[in-house]
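Chains as they are written, first to last, in the numbering used here: chain A, 1 to 260; chain W, 1 to 297; chain D, 1 to 353.
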Amino acid sequence: MSAGKILSTDSITMKFGGLTAVSELSLDIYAGEIIGLIGPNGAGKTTAFNMITGVYEPTKGKIYFKGQDITGMRPDLITKAGISRTFQNIRLFNSMTVLENVMISKHVRLKANPLDAVLRLPRYIKARREHYEECMELLRQVELDDVAHEMAAALPYGKQRRLEIARALATQPSLLLLDEPAAGMNPQESLELMDFIRQIREQFNLTILMIEHHMEVVMGICERITVLDYGVTIAQGTPTEIQNNPRVIEAYLGAVESNA
Amino acid sequence: MTLETFLQNIANGISLGSLYALIAIGYTMVYGIIRLINFAHADLLMVASYAAFYGILIFALPWWLSFLLAILLTTILGMSIEKIAYRPLRDAPRISALISAIGVSFLLQNLGIVLVGASPKPFPRPENLVWNIHLGGISFLSLAVIIPLITLVLLAAVNLVVNKTNIGIAMRAVSRDFETASLMAVDVNKVVVTTFAVGSGLAAVGGIMWSLQYPQIDPLMGVFPGLKCFIAAVMGGIGSVPGAMVGGFLLGMGEVMLVGFMPDLSGYRDAFAFVVLILILLFKPGGILGEHVVEKV
Amino acid sequence: MDGRKNIKIALNIATLLVTAVFLYWGDSVLSPFQKRILNLAAIFVILGASMNLVVGFTGMFSLGHSGFMCVGAYTAAILTMSPESKELIYYMEPIVPWLKNIEWPIIPATIMGGIIAAVFGILVGFPALRLRDDYLAIATLGFAEIIRIIVTNTISITNGALGLKNIPSEKSLLFYWSFCIITIIILKNLINSSWGYAFKAIRDNEIAAEAMGVSVFKHKMLSFTIGAFFAGIAGALMAFLITSIDPTMFRFLFTFQILLIVVLGGMGSLTGSVIAGIIITIAMEWLRFVERPMTILGMDIPGIPGMRMVIFAILLLVVVLFYRQGLMGTKEFNWDWLLDKLGLARNRERGIS
């Protein structure tokens, strides 16, 4: 296995009843890359994410993260191992503030027990103060510090998307999975998002796997692309190769034209 | 255990199982459509029984007319409950609808206590409907034959409606995917109301049969049969009409046999259903005839 | 430190002192009947707040509270009854020897009631918390029934359906309200801690919480067990307040009353549960008049048993259909709010707790 390989899926397959959502998907992702996963609606992209993050256990196949077999591991343990994600349909904690959303990730690393918290012992207070500082710093880096105390549900759509990414970053991942980060954005916002994604890759030393429908985003930012159609991998390659691949054009025609 | 008592138990098990099945169908249909445990379903049994009771005793109606009116009344009540207490909460969190269902259930029970008193009343058994049958060494009530028969006929009718009529096809569409069905111009409200009507009607038949079989009625009489029938529906696979039938029979037979074979455990009879429920939910959450549904993320 | 903080500490201490003085004073001047209702209110506040932790804050629709209460009540009663009364009361079957001569003071027995209920909470939680929503509801309801049926049938421990009588009586406001206030402080600190936020994260979006690395099952278990613990405490207190218990007391009806408190107060507001707990207890007593015969304008109206529960059922329906937020929604009383209203020194640092 190559030294820089961070994630590899070995022919993972997911079946729901009689329906095969993903069939024999094999991905190899190297440290520092930005990889795109594209395909028409219902192609099985989100299902692939769900298998990698442990929400579903693959019917068949293995998933390795940094050489370790993580197939069927619990989602929270996979997050602790260093894979984090955002969701296609935004899933923020709506009853909490922006800061509190981000601070959940630190709770997991807290070295105190509930009794310490109930009794407000100094080691708990100290840990929480540190977490507070760390999270405020993170919010500054992603330019959400001005809304830190706003309710997450009250943010405008674009900022909710950004918060989803910030929240995922707070778990200190080495691999970040983005599920349609540009959904619902206009061209200007998409451009900003591309800059933002490049910026966090440098800043947080990330490898990124993203699902995206906006072709200009995918083609502009991804170094390699995998195309799914009806769960089957129909092409893998650089953006130029993908753009000229007849099978992709055939499967994807409508979507490419409407976005071009 | 002698052969006679064994056969006696079988007969008891079949009637109890049929009753469970009949009532479970209403639960399973409603759950299949709007994903709600209709706690009030249990109390519809009670309402139907009292309606039939007063029809015969106060208004001196012939039993069949009284039964029919009771079924009609219960059906209307079931439809009204949906309209008043469940429909406004259709887009609310599931917990809210469930709380509303619990509220309706308590309201019916306590209205029952207020209106007719808490003390049990003897339910009349019409002579040309209930008589003793002697067969070899065992004797049983005609109900042991009539109840399963009625259950089978009604089950066949429900199956026919669900599979062959337009409204039945709409029901299945809504049960598969509520939102898509409503986008595809299915009149969801009509489907839901029809489901409640059918379910409540069946609950009424079940309640009256129950009262004939166990002729003591009181305002809380629906609670335990109700819970158990929901369990039967889960056992068979919630949303599946044949599943409710299978679950009902298994549960009824299981309870009777538990007490028959292990009289020491008779005090735990009511716990049996819950233990079964918990085992089913843990090991085969889709039920015996249901399919396991994976939550969408 | 900033001024606000000192003011708040002073206010907290002052409130506690005033409460203590009131309880002490109340113990000597209030009638036994008034004290009994206030003590009942303390118990219902504990029940409402602990069920709210599970249902309102963690989003688990558990209907098993009466079962855990039952465990707490029986534990406390058996531990405190004198060997003589045990001999007298267990006439169907004598009590098992290892419980016969135990006679604990009531405070440790109350805490033990909570602990045993928490153990049951863990036993029930392991299978039940794998379920969600209505399946969880029906399974926990089932477990509560199973607990009740076991209690009815283990006669040599619980005296079965006959129940227990002559449980040591405790009447002081100070006793019940101390437990109540300590419970509220513990729950408040828990809910405002990072564990509380993890609970709320699970409630808001379980899948996202898990994706943030929160072990959902572990946290649900923690919340559920703490809920069961306080239900057990409340059960124990109930045993000392009414001094006789039997298995039929702990039917689903009891959970219904607690649910009413949680919904009326607001799912996700401790303050709401405290207010609603007191209101519902007093209303329950006050509304007894509708079940008694009375004379209005010379007309004799017979008492209507069951009328109270009709009113409560309608109340629950009205709240859930028209005022789903309840009294408080997810808001809490806090000094900041009050001080802001009064326009006092505004200097706060939010977000750390």
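Cβ coordinates follow ideal geometry from the N, Cα and C atoms, glycine included. Quantities reported herein were computed from a predicted structural model and do not represent experimental measurements.
Interface criterion not met: the Cβ of W335(D) is under 8 Å from no Cβ in chain A. DSSP places L175(A) within a strand segment (E or B) once states are collapsed to three.
According to DSSP, H134(W) shares a beta bridge with S139(W).
Excluding residues up to 5 positions away in sequence, L316, V319, V320 and G326 lie with their Cβ nearer than 7 Å to the Cβ of V263(D) in the same chain. Secondary structure of M194(A) (DSSP, three-state): helix.
Listed along chain D are I149 and N153, each with a C-beta nearer than 7 Å to that of Y268(W).
Apart from the 5 residues on each side of it in sequence, S139(W) sits with its Cβ closer than 6 Å to the Cβ of N132 in its chain, given in chain order. Taking C-beta atoms under 8 Å as the contact rule, L107(W) and I314(D) qualify, at a distance of about 6 Å. For L259(D), a Cβ of chain W is located within less than 8 Å of the residue's own Cβ.
Scanning chain A for C-beta atoms nearer than 7 Å to the C-beta of G213(D) yields D76, T79, K80, S105, V108 and T171, reported in chain order.
Counting of Cβ neighbours within 10 angstroms places M294(D) among the exposed residues, the total staying below 16.
Under the three-state reduction of DSSP output, M210(A) falls in the strand class. Ranked by Cα distance from A201(D), the options I184(D), S223(D) and G235(D) are led by S223(D).
DSSP places L27(A) outside any alpha helix (DSSP H); the residue lies instead in the beta strand (DSSP E), whose first and last residues are L19 to Y30. Beta-bridge partners assigned by DSSP to P122(W): Q216(W). By the rule that beta-carbons nearer than 8 Å mark a contact, S174(A) does not touch chain D.
Listed along chain W, no residue sits closer than 8 Å to Y197(D) by beta-carbon distance, the nearest being about 20 Å off. In chain order, V22, L25 and L37 place their CB closer than 7 Å to the CB of A48(A), counting only its own chain and leaving out the 5 sequence neighbours on each side.
The Cβ of R161(A) sits no closer than 8 Å to any Cβ of chain D. For M69(D), the nearest beta carbon of chain W is not closer than 8 Å to its own beta carbon. For I25(W), there are no neighbours in chain D by C-beta distance under 7 Å, as the nearest C-beta there is about 18 Å away. The Cβ atoms of V198(W) and M46(W) lie no closer than 8 Å to each other.
Taking the C-beta atoms as reference points, A42(W) is found no nearer than 8 Å to A70(W).
Contact check for E84(D) against D270(W) fails: the beta carbons are separated by 8 Å or more. At least 8 Å separates the beta-carbon of G231(A) from that of T59(A). For D133(D), the enclosing alpha helix (DSSP H) stretches over residues D133 to N153. Shown in chain order are the members of the region 123-135 of chain D whose Cβ falls below 7 Å from a Cβ of chain W: P127, R130, L131, D133, D134 and Y135.
Against chain D, the beta carbon of F106(W) has neighbours under 7 Å at F256, M309 and A313, listed in chain order. Non-local beta-carbon contacts of S11(A) in its own chain, meaning distances under 6 Å to residues more than five positions away in sequence, involve E24, S26 and G61 in chain order. I81(W) sits away from P225(W), with the two beta carbons spaced by 8 Å or more.
Within the region 170-190 of chain D, the residues whose Cβ lies closer than 8 Å to some Cβ of chain A are I186, N189 and L190, listed in chain order. In this chain, M14(A) is not harboured by any alpha helix (DSSP H); it is covered by the beta strand (DSSP E) spanning K5 to F16. In this structure, L162(D) lies away from D27(D), with their beta-carbon atoms at least 8 Å apart. For L162(D), no beta strand (DSSP E) encloses it, and the DSSP letter there is neither H nor E.
Going by DSSP, K45(A) is part of the alpha helix (DSSP H) stretching over K45 to I52. Using a CB distance cut-off of 8 Å, M219(A) does not count as an interface residue toward chain D.
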